[in-house]
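Quick notes on the structure that follows.
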Amino acid sequence: MIKRLENNKFCRDLNLAGNRITGKGAAYLGRALLTNQTLVGLEISDNPLGTLFGFMEFAKSISQNDVLQALLMRNCDLGGFNAHCLKDMLRINRSITHIDLCHNQFGLLGGELLRSGVEKNLKVVSCQLSGCDVEHDD
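By the count of the working numbering, the sequence shown reaches residue 122 at its end, each step adding exactly one.
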């Protein structure tokens, strides 16, 4: 499937939700997205992506992709380290306009990291974080 995605000329949206993709699998997916020039929507929710190995490579690949516009990663066991990777990705990427990270375990610090990434990105118009415990109670 990864080889097909690398050379894809037709598929604009891909839904891989609930396929037990780990951080390692996400790294392979990210490499394919480095050459893919047609995929504008990627849904990879409900996969255990939060594993340390591979997720950093996935985020780095997404940062270099200039086609993807919507990235949905709901309920993927993402935490603070992942928020740091996503912050760096958001600071560099210039095509993503919508990112859905709901129901992950970022916490307050992770929320701050993501906020700083979004603030540096002029393309993102929607960043969904409900259920991530990123609110600050005063």
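Don't be surprised by glycine CBs; every beta carbon is placed ideally from N, CA and C.
This structure is a prediction, so every number in the text was calculated from the model and none was measured.
Taking the alpha-carbon positions, what's the residue i to residue j distance?
i	j	result
Cys86	Lys(-7)	30 angstroms
Glu41	Leu97	18 angstroms
Asp(-12)	Tyr12	Per the sequence shown, the amino acid found at residue -12 is Arg instead of Asp. For Arg(-12) and Tyr12, the distance between alpha carbons rounds to 12 angstroms.
Ala54	Ala43	14 angstroms
Met73	Gly101	8 angstroms
Arg15	Gly9	10 angstroms
Cys60	Asp84	11 angstroms
Using the rule of at least 16 other Cβ atoms within 10 Å of the residue's Cβ for burial, across every protein chain shown, is residue i buried or exposed?
i	result
Ile28	buried
Val124	This structure gives no information on residue 124, because the portion of the chain shown stretches from -15 to 122.
Lys107	exposed
Met(-15)	exposed
Leu18	exposed
Mapping DSSP to helix, strand and coil, what is residue i?
i	result
Ala1	coil
Ser100	helix
Alpha helix (DSSP H) runs wholly inside the region 14 to 92, at least 4 long, in chain order: 36 to 48, 64 to 76
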